[in-house]
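According to our numbering, the residues represented by the sequence shown are 17 to 191, in order.
One structure below.
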Amino acid sequence: MLPSEQESSGKHRSALAAILREFSDVLPTSDEHLVQASVVRHAIHTGDAKPVRCSPRRIPYHQRAQVEALVGEMLRRDVVEPWESPIVKKKDGSCRFCVDYRQLNNLTRKDAHPLPRIDDTLDALVGAQWFSTLGLASGYWQVEEEGQDWEKTAFITPFGLCNASATFRGSWRQF
17 MLPSEQESSG KHRSALAAIL REFSDVLPTS DEHLVQASVV RHAIHTGDAK
67 PVRCSPRRIP YHQRAQVEAL VGEMLRRDVV EPWESPIVKK KDGSCRFCVD
117 YRQLNNLTRK DAHPLPRIDD TLDALVGAQW FSTLGLASGY WQVEEEGQDW
167 EKTAFITPFG LCNASATFRG SWRQF
């Protein structure tokens with residue numbers, strides 16, 4: 017339950033505004049101002065396995081400008097390394113890079129951290145007076161990989177990589 021409008025006005029609203037002003041340098045106003053979290057790094061444990069390689073797929077001519085723009089944006093935000101990855105069209109017509117990590121996932125040692133129980137999570141909120149939410153644009157891009165693992169994926173902690181969700185979820189325990 018959120019505080020009523022009457023409770024949140026006045027003293028509380030002024031205090032909240034002061035906090036937002038104080039920390040405005042770390043509150044992004046657009047995707048361009050997002051930074052990567054430094055609380056955890058994702059590691060891909062493959063032992064002595066050889067790197068997985070695959071041939072690039074053809075990009076239709078009519079999609080090349082859109083792909084080049086997307087690649088430029090991702091390189092500028094430092095979330096990819098130069099590499100070859102297939103693309104698929106989203107429902108809105110824009111492009112999404114996709115990588116088939118099945119071979120890499122088969123070589124990776126699996127993480128055994130289970131999801132938290134939702135009822136335990138909700139129980140932890142009993143008695144709380146204030147709630148907040150966090151929005152994450154391209155959330156998995158907010159978690160860096162260990163340096164030696166960049167060559168395995170080309171992306172910063174990509175969605176679809178085994179253990180990535182456990183690392184992402186674990187990073188929020190730091191907050």
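Note that the Cβ used here is the ideal one computed from N, Cα and C, for glycine as well.
Given residue i, which residues of its chain have a CB within under 8 Å of its CB, disregarding the five upstream and five downstream residues?
{"i": "ASP127", "result": "CYS178, ASN179, ALA182, THR183"}
Relative to the C-alpha of residue i, which residue among the options is closest?
{"i": "THR169", "options": "ASP108, VAL142, THR62", "result": "THR62"}
{"i": "GLN164", "options": "ALA33, THR45, ALA59", "result": "ALA59"}
{"i": "PRO67", "options": "VAL96, SER40, GLN119", "result": "GLN119"}
{"i": "GLY109", "options": "VAL83, ARG133, ASP94", "result": "VAL83"}
{"i": "GLU160", "options": "VAL96, PRO44, VAL42", "result": "VAL96"}
{"i": "ILE75", "options": "ALA65, ARG93, VAL104", "result": "VAL104"}
Compute the Euclidean distance between the alpha carbons of residue i and residue j, then round it to the nearest angstrom.
{"i": "LYS106", "j": "LYS27", "result": "46 Å"}
{"i": "ASP116", "j": "ASN122", "result": "11 Å"}
{"i": "LEU18", "j": "LEU138", "result": "Note that LEU18 scores 46 on pLDDT, short of 50, meaning its location in the model is unreliable; the coordinates nonetheless yield the value given after this. So the alpha carbons of these two residues sit roughly 15 Å apart."}
{"i": "TYR77", "j": "MET90", "result": "20 Å"}
{"i": "CYS114", "j": "ALA81", "result": "17 Å"}
{"i": "ARG29", "j": "LEU36", "result": "11 Å"}
{"i": "VAL56", "j": "ARG185", "result": "10 Å"}
{"i": "ARG69", "j": "THR124", "result": "15 Å"}
{"i": "PHE39", "j": "ASP64", "result": "45 Å"}
{"i": "ALA33", "j": "PRO132", "result": "33 Å"}
Can you give me the Cβ contacts of residue i inside the same chain, cut-off strictly under 6 Å, excluding the 5 residues immediately before and after it?
{"i": "LEU86", "result": "CYS111"}
Go through its chain and collect everything with a Cβ distance to residue i's Cβ below 7 Å, but skip five positions before and after it.
{"i": "ALA31", "result": "none"}
Over what stretch of residues does the beta strand (DSSP E) that includes residue i continue unbroken?
{"i": "GLU161", "result": "159-161"}
For the alpha helix (DSSP H) holding residue i, just list the boundary residues, first then last.
{"i": "THR62", "result": "Taken as a continuous stretch (DSSP letters only), THR62 belongs to no alpha helix (DSSP H), as it is neither H nor E."}
{"i": "HIS28", "result": "27-38"}
{"i": "SER187", "result": "180-187"}
{"i": "ASP136", "result": "134-139"}
Self-check item: Secondary structure, beta strand (DSSP E): runs of 3+ residues fully inside the stretch 86-127
Solution: 103-105, 111-113
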